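Colleague: Below is a structure I'd like to ask you about.
Numbering (the numbering used here), first residue to last: 1 to 296.
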């Protein structure tokens, strides 16, 4: 198979199909890259693109997509439920096969330097590629979002790792290397976003909740519905079903039901098997019993 890396750039556009298509086409047109998934959310005004490829090809696809997003997305005009600091908000590299995390960190730095120098976009490195402990976690890098960073970027503690210490209309971009992350949303039978926020606080690692869980409560305007939006940064440490059950229990305290949940982008099969195992109470189940695993 050779060296293979996954890249999951997030773009601050989920409402204009023509803009999304233009960005995605930049990825499609790079030889050696396979597009796996495109997930757009109008309320979040955000699109998550997932592709895999040989490291240099993946880096080229990420750069070209970032350049197109900078051309077509103006953060001065952008509104959405999801936190963001840039047109291309974040670009993580994830090792898939025959490649180490250290190599992904090197690849991330190559891309960050290129974006900073060629596109004049401020770049912050995060997760395994972070230059300082204060920038390991994405929410810490995004503090204040685009609007706050416009002035904060001039301070020493918010100076970018690459690129200019000023904010263009495309904002800034966060680049890094990490393990697989599951973006998971849980929808509630209420329009009271304060309930979603309270529940998110109860499960968030930073507030004493579950390890590897990052969460916030948001309002999905087009469905008049509150949502707990979650990033599980290590599903093996805290499984999806544990978080789901806790959100359901917390929601019941407020007389609210969970009406559904959704995966954004790709998800490892093992995470779903673990969830099925919990609810179905398998005995002696083996992953090799999954038909598609044998067909591969």
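For glycine and all other residues, C-beta sits at the position ideal for the given N, C-alpha and C.
Fair warning: this is a prediction, and the values are worked out from it, not measured in the lab.
1. Here's a check: name, in chain order, each residue in its chain whose Cβ is nearer than 8 angstroms to the Cβ of residue 110, leaving out the five neighbours to either side.
2. Just checking, does the stretch 60-69 make contact with the stretch 25-40 on the three C-beta pairs under 8 angstroms criterion?
3. What is the DSSP secondary structure of residue 218, counted as helix, strand or coil?
4. Excluding the 5 residues flanking residue 299 on each side, which residues of the same chain have their C-beta closer than 6 angstroms to its C-beta?
5. Counting only the same chain and skipping the five closest in sequence on each side, list residues whose C-beta sits under 8 angstroms from that of residue 46.
6. Quick check: what's the CA-CA separation for residue 34 versus residue 78?
7. Taking only runs of the beta strand (DSSP E) that begin and end inside the stretch 117-182, which ones reach a length of at least 3 residues, in chain order?
8. May I ask you to report which of helix, strand or coil DSSP gives residue 43?
9. Tell me the DSSP secondary structure of residue 112 in three-state form.
10. For residue 270, which option in 234, 248, 247, 138 has the closest C-alpha, if you only look at C-alpha atoms?
11. Would you list the one or two residues that DSSP bridges to residue 7?
12. On the three-state DSSP scale, how would you describe residue 249?
13. In the structure shown, what three-state DSSP assignment does residue 190 receive?
14. Have a look at the DSSP bridge pairing and note the partners of residue 258.
15. Under the DSSP definition of a beta bridge, which residues are partnered with residue 264?
16. Per the DSSP calculation, residue 226 is bridged to which residue(s)?
17. Buried or exposed: which applies to residue 148, given that a residue is buried once 16 or more other Cβ atoms fall within 10 Å of its Cβ?
18. Measure the Cβ-Cβ separation of residue 210 and residue 203 and say whether it is below 8 angstroms.
19. Given a cut-off of 8 angstroms, decide if residue 197 and residue 217 are closer than it, judged by their beta-carbon atoms.
20. Taking 8 angstroms as the threshold (C-beta atoms), are residue 229 and residue 215 in contact?
21. Beta-carbon separation of residue 160 and residue 133 under 8 angstroms?
22. From which residue to which residue does the alpha helix (DSSP H) around residue 24 run?
23. Please look up how many angstroms separate the CB atoms of residue 176 and residue 116, rounded, as I've assumed it's under 8 angstroms.
24. In whole angstroms, what separates the C-alpha of residue 98 from that of residue 2?
25. Looking only at its own chain, which residues have a Cβ that is under 6 angstroms from the Cβ of residue 144, when we skip the five neighbours before and after it?
26. Return helix, strand or coil for residue 100, following the three-state DSSP convention.
27. Between 5, 283, 246, 227, which lies nearest to residue 105 when the distance is taken from Cα to Cα?
Modeller: This is what the structure gives:
1. Numbered from 1 along the chain shown, position 110 holds the residue referred to as residue 110. Contacts found: 59.
2. yes
3. The residue given as residue 218 occupies position 218 in the chain shown. In this structure, residue 218 counts as strand in the three-state DSSP scheme.
4. Given that the chain is displayed from residue 1 to residue 296, the structure contains no residue 299 and the question cannot be resolved.
5. Against the chain shown, residue 46 aligns to sequence position 46. Close CB contacts of residue 46 within its chain, under the 8 angstroms cut and outside five residues either way in sequence, are with 10, 11, 12, 13, 14, 40, 80, 82, 84, 89 (chain order).
6. In the chain shown, counting from the first residue as 1, residue 34 sits at position 34. In the chain shown, counting from the first residue as 1, residue 78 sits at position 78. Near 29 angstroms, if we compare the C-alpha coordinates of residue 78 and residue 34.
7. 123-127, 173-177
8. On the chain shown, residue 43 is found 43 positions in, with the first residue counted as 1. Of the three classes helix, strand and coil, the one that applies to residue 43 here is coil, per DSSP.
9. Within the chain shown, the letter at position 112 stands for residue 112. Looking at residue 112 - three-state DSSP - the assignment turns out to be helix.
10. Translated into positions along the chain shown, residue 270 becomes position 270. Here the closest residue by C-alpha is 234.
11. The residue labelled residue 7 in the question sits at position 7 within the chain shown. Per DSSP, 51, 93.
12. To locate residue 249, count along the chain shown from 1; it is residue 249. Three-state result, residue 249: helix.
13. One-based indexing of the chain shown puts residue 190 at position 190. Here residue 190 sits in coil by DSSP.
14. Within the chain shown, the letter at position 258 stands for residue 258. DSSP output for residue 258 lists 188 as bridge partner(s).
15. Against the chain shown, residue 264 aligns to sequence position 264. According to DSSP, which records beta bridges pairwise, residue 264 is partnered with 183.
16. Locating residue 226 in the chain shown gives position 226, where the first residue counts as 1. Answer is 219, bridged to residue 226.
17. Position 148 of the chain shown holds residue 148. When all chains shown are included, residue 148 counts as exposed.
18. Within the chain shown, residue 210 is the residue found at index 210, counting from 1. Within the chain shown, residue 203 is the residue found at index 203, counting from 1. Yes, Cβ-Cβ distance for residue 210 and residue 203 is below 8 angstroms.
19. The residue you call residue 217 lines up with position 217 of the chain shown. The residue you call residue 197 lines up with position 197 of the chain shown. Taking 8 angstroms as the Cβ cut-off, residue 217 and residue 197 qualify as a contacting pair.
20. Within the chain shown, the letter at position 215 stands for residue 215. Within the chain shown, the letter at position 229 stands for residue 229. It is a contact, given that the beta carbons lie within the stated cut-off.
21. Here the question's residue 160 lines up with position 160 in the chain shown. Here the question's residue 133 lines up with position 133 in the chain shown. Taking 8 angstroms as the Cβ cut-off, residue 160 and residue 133 do not qualify as a contacting pair.
22. Taking the chain shown and counting its residues from 1, the one referred to as residue 24 is at position 24. Residue range 17-28 is occupied by the alpha helix (DSSP H) that includes residue 24.
23. Here residue 176 is taken as the residue at index 176 of the chain shown, counted from 1. Here residue 116 is taken as the residue at index 116 of the chain shown, counted from 1. Not really, about 14 angstroms apart at Cβ, beyond 8 angstroms.
24. Position 98 of the chain shown, counted from the start, is the residue given in the question as residue 98. Position 2 of the chain shown, counted from the start, is the residue given in the question as residue 2. Near 6 angstroms, if we compare the C-alpha coordinates of residue 2 and residue 98.
25. Within the chain shown, residue 144 is the residue found at index 144, counting from 1. Same-chain partners within the cutoff: 152.
26. Locating residue 100 in the chain shown gives position 100, where the first residue counts as 1. If DSSP states are grouped into helix, strand and coil, residue 100 belongs with coil.
27. The residue you call residue 105 lines up with position 105 of the chain shown. Checked all of 5, 283, 246, 227; the closest Cα to residue 105 is 5.
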